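When we follow the numbering used here, the leftmost residue of the sequence shown carries the number 51, and every step to the right adds one.
For each residue, glycine too, the CB sits at the ideal point set by N, CA and C.
Predicted, not measured: the structure shown is a model, and the values here were computed from it.
What follows is a set of notes on a single structure, which appears directly below.
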Amino acid sequence: MVLVEYWGFGVRHIQLLLLVICGMVGSILVRTMEAALLMVETDSNQSNFTLFDDAFRQRVKSWTFEQKYILKNGSTVGRFAASLIAGLYSTRWNLKYFLLLDFAFLSVQSYLIPIIAKKVPYDYLLVAVLAQGFSYGMIPPVTTAILARWTPFMEVGRTCTLVLSCRFLGYFFVYVLALFLRTSLAGWHTLFYIVGNLGLLWCVAWFTFGFQDPKGCFYLSTKEKTFIFSNIRNLSTDHQAKVHRVPWKAILTCLPLYGMLATQATFHWLYEMSTETSLTLDFLYYHNKNEVKYVMDVQYMVPTGIPVAQFIAAFIVDTLVGKKVFPVEHIRKTCNSIGCWGGALALLWLCYSPGGVLEVCCYVVFQFISIFTCLGSSMAFYDFTRDYSGLIHGINDFIALIPLSFFIPIMSPIFPINELSFGEVSRHYKAMWYSAACPMIVGNFVYIIINSRHKKIDSDGKKPPGRVSMSASWNT
Numbered sequence: 051m052v053l054v055e056y057w058g059f060g061v062r063h064i065q066l067l068l069l070v071i072c073g074m075v076g077s078i079l080v081r082t083m084e085a086a087l088l089m090v091e092t093d094s095n096q097s098n099f100t101l102f103d104d105a106f107r108q109r110v111k112s113w114t115f116e117q118k119y120i121l122k123n124g125s126t127v128g129r130f131a132a133s134l135i136a137g138l139y140s141t142r143w144n145l146k147y148f149l150l151l152d153f154a155f156l157s158v159q160s161y162l163i164p165i166i167a168k169k170v171p172y173d174y175l176l177v178a179v180l181a182q183g184f185s186y187g188m189i190p191p192v193t194t195a196i197l198a199r200w201t202p203f204m205e206v207g208r209t210c211t212l213v214l215s216c217r218f219l220g221y222f223f224v225y226v227l228a229l230f231l232r233t234s235l236a237g238w239h240t241l242f243y244i245v246g247n248l249g250l251l252w253c254v255a256w257f258t259f260g261f262q263d264p265k266g267c268f269y270l271s272t273k274e275k276t277f278i279f280s281n282i283r284n285l286s287t288d289h290q291a292k293v294h295r296v297p298w299k300a301i302l303t304c305l306p307l308y309g310m311l312a313t314q315a316t317f318h319w320l321y322e323m324s325t326e327t328s329l330t331l332d333f334l335y336y337h338n339k340n341e342v343k344y345v346m347d348v349q350y351m352v353p354t355g356i357p358v359a360q361f362i363a364a365f366i367v368d369t370l371v372g373k374k375v376f377p378v379e380h381i382r383k384t385c386n387s388i389g390c391w392g393g394a395l396a397l398l399w400l401c402y403s404p405g406g407v408l409e410v411c412c413y414v415v416f417q418f419i420s421i422f423t424c425l426g427s428s429m430a431f432y433d434f435t436r437d438y439s440g441l442i443h444g445i446n447d448f449i450a451l452i453p454l455s456f457f458i459p460i461m462s463p464i465f466p467i468n469e470l471s472f473g474e475v476s477r478h479y480k481a482m483w484y485s486a487a488c489p490m491i492v493g494n495f496v497y498i499i500i501n502s503r504h505k506k507i508d509s510d511g512k513k514p515p516g517r518v519s520m521s522a523s524w525n526t
């Protein structure tokens, strides 16, 4: 597999494909419970006898609204802690086996959930869902650390955005599969077994063909390996170093890192809330009861266009970076400003929307315009340093997802309480969107002001042997 041009196909694209499938299947596994609950909520007009004889369905039907809400969103509660743990261990453990074991546990949980739901009380099922979400939360920092070792600087935009956005394809897949199995004679629990099989198949493929870096890949040609290492900035070239000593002093004194954390902490939790939880969907659902199917399609089908739009934008950005048309920091700041400020305006528009199609359009605009943030501050994981990109990603998600963990329990009693009018419910949501839109604007200002390409993270706060300074690399 000889590589001549950087846009050709090689072994590194096999690793990319495996990580893209990892993101897709992981999102399918973690959203299976929500898909099962969706099947229950939309089956009232079905006449198939399995809808009434299936034990799992009967158990789901017996749960209250609050219990269903917690199960749908419980997988996101512990992700902030999981991200930090995965980030810390990304500099010490073999990432291939760490990701393999984590994903295998995530897949096995899919087999256990329907059994637990039918045999034991609700509390045990909630623990299983939380554990599944915790395992899923470890995946992004680990995949970031692996991509940092495989991706040349002129491909980092489209490569990393593909891995970040492929989860939307997973949501669409599990949504379609749930609709198909809704009237299947096999029973509702079959959904969990199918996606569990997909997870185990990915584990076999990753164990066989996946590697944490080019140094240990047995089927990578010497020419492609030379190309990869010559086009990766700020990566240790010491083939004997298996464990990196974390330069905490350099990390904590890196001013641009705080600019990235400021904008990500004000944006990332809201983006995850709108794409990973049912909070926004519940609001649109209750505000547009006459267009329920339309709202459901917006939640699960429209976002499938995000990976395409993101790839096109990333291709343009990578072309500008590769040809050095503009300084890379200016490109990152421009993309981040479009994503954060554009997303904030969409949220403020959503607050004043009277409902109906216009309200749903605001939600869609927010999702699509926010993709530019993934090409802005989210790329800082790779711009600062490659050796510790997984750690920086873990720290970022730990800080950014804490608000989401608080909002989910706070918003849980809003809809089940019948005494609340829709105006009161809407007031709660508008307060949440206001509290997100304003900090997003401020956070991007902080990112623009203090981000600098001349202050990167190196071991002991200086340029060590065997490591290429990014600031010098961009000037050559």
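- Going by beta carbons, Val367 and Leu311 fall outside the 8 angstroms limit.
- The DSSP-derived three-state label of His318 is helix.
- By the Cβ neighbour-count rule, Pro357 is buried, with 16 or more other Cβ atoms within 10 Å of its own.
- With the rule of 3 Cβ pairs closer than 8 angstroms, the segment 168-179 does not count as touching the segment 242-256.
- In the assembly as shown, Thr423 is a buried residue. Its beta-carbon has 16 or more other beta-carbons within 10 Å.
- At the C-beta level, Phe259 and Leu397 stay beyond 8 angstroms of one another.
- Contact between the segment 436-454 and the segment 319-327 is present: three or more C-beta pairs spanning the two stretches fall below 8 angstroms.
- Between Leu305 and Ile500, the C-beta gap is smaller than 8 angstroms, which places the two residues in contact.
- From the listed residues Val192, Tyr402, Trp298 and Phe257, the smallest Cα separation to Trp143 is found for Val192.
- Each of Ala195, Ile135, Ile278 and Leu176 was checked against the Cα of Phe203, and the nearest Cα belongs to Ile278.
- One thing to note: Val127 has its Cβ within 8 angstroms of the Cβ of Ile458.
- For Gly389, the closest alpha carbon among the candidates Ile421, Ile196, Cys412 and Val410 is that of Ile421.
- If you ignore the 5 residues before and after Tyr161, its C-beta comes within less than 7 angstroms of the C-beta of Phe242, Tyr243 and Gly246, all in its own chain and listed in chain order.
- In this structure, the CA atom of Leu302 is about 11 angstroms from the CA atom of Ile442.
- Between the segment 112-127 and the segment 140-157 there are fewer than three inter-stretch CB-CB distances shorter than 8 angstroms, so the stretches are not counted as touching.
- Excluding the 5 residues flanking it on each side, Gly309 has same chain C-beta neighbours closer than 6 angstroms at Val496, Tyr497, Ile500 and Asn501, in chain order.
- Distance check between Met188 and each of Ser280, Arg81, Gly137 and Ser427 places Gly137 closest, using alpha-carbon atoms only.
- Non-local C-beta neighbours of Phe365 in its own chain, meaning closer than 7 angstroms and more than five positions away in sequence, comprise Arg208, ordered along the chain.
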